[in-house]
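Just below is one structure, and these are the notes that go with it.
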């Protein structure tokens, strides 16, 4: 109930901000692209070792990412392509940050940092893919705790505090555990659907 209350308040605030943004003539897809470009810039900052500023840029990019959907609802500009573009660029946006960290740790001679960033990237991709593929089969799949909002929160916290390696280790483990949980959830759902009904 508390989560629903907070979500309602957040959506209300986003709607009010989106109404102001709508007056500028900006489109939802424009905000989506700005959010992606911000994440790409954060990836460049990560590669350069400017973690604190990268964290701030990621946080700012999240504002655009949150507002694009609200703007689409306010302006009535929601479209299937807009939803696809948002999800499509989200994958590249996360990859940009992880890629920047791979470049940084490879240059710093920290192989386990490279490995942590690599497995965090793979896990993040598989969490999102598992949900998308399951929904393509008509199965709702939200198992696990490390969906994109949680992943971005950990990334921001790690970058801003300088605890990047611990954050990457958490992400490398938690995202792949979440992906495995979604695999098991879909398996359970498909097995249940394939069982013949019990006779009375």
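In this note's numbering, the protein residues as written are 118 to 317. We put the beta carbon where it would ideally sit given N, CA and C, even for glycine.
Contact belief for residue i with residue j at Cβ below 8 angstroms, rounded distance in angstroms
i, j, result
"residue 138", "residue 206", "Rounded, the Cβ-Cβ distance is 18 angstroms, inconsistent with contact."
"residue 240", "residue 293", "4 angstroms"
"residue 296", "residue 244", "5 angstroms"
"residue 185", "residue 155", "At roughly 12 angstroms, the Cβ-Cβ gap does not stay under 8 angstroms, so residue 185 and residue 155 are not in contact."
Proximity of residue i and residue j at Cβ, strictly below 8 angstroms
i, j, result
"residue 236", "residue 200", "no"
"residue 233", "residue 285", "yes"
"residue 276", "residue 171", "yes"
"residue 273", "residue 176", "yes"
"residue 222", "residue 214", "no"
"residue 163", "residue 242", "no"
Close Cβ partners of residue i (< 8 angstroms) along its chain, the five nearest in sequence each way excluded
i, result
"residue 191", "132, 135, 136, 139"
"residue 129", "none"
"residue 120", "For residue 120, the predicted structure reports a pLDDT of 42, less than 50, and the residue's modelled location is therefore unreliable. A value from the coordinates is still provided. So no residue of the chain qualifies."
"residue 226", "none"
"residue 169", "276, 277, 279"
Spatial neighbours of residue i in its chain, beta-carbon cut-off 6 angstroms, leaving aside the 5 residues before and after
i, result
"residue 291", "263"
"residue 298", "260, 261"
"residue 282", "230"
Spatial neighbours of residue i in its chain, beta-carbon cut-off 7 angstroms, leaving aside the 5 residues before and after
i, result
"residue 287", "271"
"residue 195", "189"
Quick test of the definition: if touching needs 3 or more C-beta pairs under 8 angstroms, does the segment 199-216 touch the segment 147-160? yes
Contact the segment 144-151 vs the segment 177-192: 3+ CB pairs below 8 angstroms: yes
Contact between the segment 259-266 and the segment 296-311: three or more CB pairs below 8 angstroms? yes
Only counting runs of 4 or more residues, tell me where the alpha helix (DSSP H) segments fall wholly within the segment 174-244, in order along the chain. 197-224
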